[in-house]
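Last residue of the sequence shown: number 1287 in this note's numbering, and the count goes up by one each step with no gaps.
Contents: one structure, followed by commentary.
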Amino acid sequence: MALPIISADQRLSEKRCAKVALVGVPGAGKTSQIRTLDAERTLLVDTEAGDLSILDWAGDTLRPRTWPEFKDLVVFLAGPSPSASPEQAFSQAHFDHVCQKYGDPAQLAKYDTYFVDSLTVLSRMCLAWCKTQPAAFSEKTGKPDTRGAYGLLGTEMIGALTHLQHVRDKHVIYVCILEEKLDDFNRRIYQLQLEGAKTSAELPGVLDEVITLAILKADDGTPYRAFVTGADNTWGFPSKDRSGRLDPIEEPHLGKLIAKCLGRDAIARPAAPAPAFSSASTPSPDFHASQE
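The following block contains the structure:
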């Protein structure tokens, strides 16, 4: 058997897809970014039941209500893991079981993007399930063990998101709420609103892009929306650009941003009307998003 080397030509000819965390404070317009994508080729995985801002959006939707339901969706959307044993999640056995329930995975061929809204609610869903598992109870006393529940939460969340990361022919967009806090020195900091420290700490390493949708201020005080992509931005927003193709501040259009990450022309819908974008403007360090 020859060494399974993938040649440069083969690798360069493979379909490229982006894995993106889109974060921002409530009301920044994260969910509405789905309008900049092709509705016919985008599948919304709605865990929030909060699609009021996109009621007229014409795409397809899935609404998992429990963590086991979401894990079933993950293995159906991404396929089985060759390294998982039959009794583990995302194994071939798990995949076969889910296919019996949902049908032929070929029905997913029409989609090129999975839009998961949101990780914040998903982490709460996962924690609720973790609190019912044996690991969440003390072996000695049988009483609830909070540390055990949160340890399982981190393992479950990162395991599911890492597996979905491995679907090579689909873009995967994760929406997450960004929360503002003050540290011990009264400095403003921003962090992902997720249950458990492990998921917040490890998620950026799993994904290609971490993009903050922020409401910034121009020199004249006019607010405008923009994507903050630079890891060293002056506001301390969580951001990361593995592609190396993005400017530190980008137009708030997810379809164009994905195309730019991949080095090709955008094929996407125009963005919904929003305050004028100006990459030349100097935003104010005061960042306050109005609730939508």
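For glycine and all other residues, C-beta sits at the position ideal for the given N, C-alpha and C.
For R1060, the closest of A1084, W1124, G1024, R1237 by C-alpha to C-alpha distance is W1124. Beta-carbon to beta-carbon, S1234 and G1225 are separated by about 6 Å, close enough to satisfy the 8 Å threshold. Scanning the segment 1190-1236 for uninterrupted alpha helix (DSSP H) segments of 4 residues or longer gives 1192-1201, listed from N- to C-terminal end. DSSP places C1012 in the coil class of the three-state scheme, outside both helix and strand.
In this structure E1190 is in contact with S1118, their Cβ atoms being roughly 4 Å apart against a cut-off of 8 Å. Nearest in C-alpha terms to L1156, of all of G1146, R1182, V1167, is V1167. The beta carbon of A1079 lies closer than 8 Å to those of F1085, S1086, Q1087, H1089 in the same chain, with the five residues before and after it left out.
D1112 is a Cβ neighbour of V1040, given a cutoff of 9 Å.
In the DSSP assignment, T1150 falls within the alpha helix (DSSP H) that extends over 1141-1160. With a beta-carbon spacing of about 6 Å, I1210 and A1023 fall inside the 8 Å limit used to define contacts.
Residue environment for R1030: buried (at least 16 other C-beta atoms within 10 angstroms of its C-beta). Judged by DSSP secondary structure, I1172 falls within the beta strand (DSSP E) whose first and last residues are 1166-1177.
The closest CA to that of S1027, considering only I1049, T1042, G1019, is found on I1049. An exposed status is given to L1177, since fewer than 16 other beta-carbon atoms sit within 10 Å of its beta-carbon.
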